[in-house]
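So for the sequence shown, numbering that gives the first Met the number 0 puts the first residue at 0; every next one is plus one.
Ideal placement from N, C-alpha and C gives every residue a C-beta, glycine not left out.
Values in this document were obtained by computation on a predicted structure and should not be read as measured data.
Here the structure comes first, spelled out in structure tokens, and everything after it is commentary.
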Amino acid sequence: MFTISRKIEIDAGHRVPYHHSKCRYLHGHRWTIVAHVSSHLLVKADPDHSDSGMVVDFGYIKQVLTERIHDQFDHRMILWERDPLVQIETRPESWGFMESLKAARILESTRTVPCIPTAEGLAEHW
């Protein structure tokens, strides 16, 4: 079995809304994401294939990680799509607050995900 790994890092904020510790508050981390690719076979040696003798080209793994994770989530606030903070926009009493956030362009930096944004949830999502 051949296994290769590629690592990227992002800086992002999140919260775990119903946790009983300080994790329920907005806070940030430097996240390390490692992708492992395994195969029993290597790409057959062929002068017409740039990834000959490899499991997969590291450049391709980097491209996928960059496009799907880094470019979408680096320097963003990651919130669960059902987080009460995300739902606040639907409450009439909060519309003035939401207008303030929009004016400050804060909402542009928020990404919602279909899971609570724990390390485990994001690993499964990504």
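Q) If you check the beta carbons only, do R154 and A34 fall under 9 Å apart? A) Nothing about residue 154 can be reported from this structure: the residues present for the chain run from 0 to 125 only.
Q. Buried or exposed: where does L25 fall if 16 or more other Cβ atoms within 10 Å of its Cβ makes it buried?
A. Exposed.
**Q.** Reference G120, options R104, R14 and V55, closest by Cα
**A.** Taking only the C-alpha atoms, the option nearest G120 is R14.
Q: Give the DSSP bridge partners of R29, in chain order.
A: Per the DSSP secondary-structure output, R29 pairs in a beta bridge with D10.
Q. Is A44 near the ligand FAD, in the sense that its beta carbon is under 8 Å from a heavy atom of that ligand?
A. As for the ligand FAD, it is missing from this structure, which has no ligand bound.
**Q.** Buried or exposed (CB count within 10 angstroms, at least 16 for buried), W79
**A.** Counting Cβ neighbours within 10 Å, W79 comes out buried, since at least 16 surround it.
Q.
Which same chain residues end up closer than 8 Å to R67 when comparing Cβ atoms and leaving out the 5 residues on each side of it in sequence?
A. Annotation for R67: W125 place their beta carbon closer than 8 Å to its own, counting only its chain and skipping 5 residues before and after.
Q) Is D82 buried or exposed, if buried means 16 or more other CB atoms sit within 10 Å of its CB? A) A residue is called buried once 16 or more other Cβ atoms fall within 10 Å of its Cβ, and D82 is buried on that count.
Q. Should P116 go down as buried or exposed, given a rule of 16 or more other Cβ atoms within 10 Å for buried?
A. Buried, because 16 or more other Cβ atoms sit within 10 Å of the Cβ of P116.
Q. Relative to the C-alpha of G12, which residue among L84, A44 and F72 is closest?
A. Proximity to G12 across L84, A44 and F72 peaks at F72, based on C-alpha coordinates.
(Q) Please return the same chain residues whose Cβ sits closer than 6 Å to the Cβ of V36, not counting the five positions on each side in sequence. (A) Excluding sequence positions up to five before and after V36, its CB lies within less than 6 Å of the CB of I3, V54 and V55, all in the same chain and listed in chain order.
Q: Tell whether a beta-carbon distance below 9 Å holds between K61 and I7.
A: Going by C-beta atoms, K61 is nearer than 9 Å to I7.
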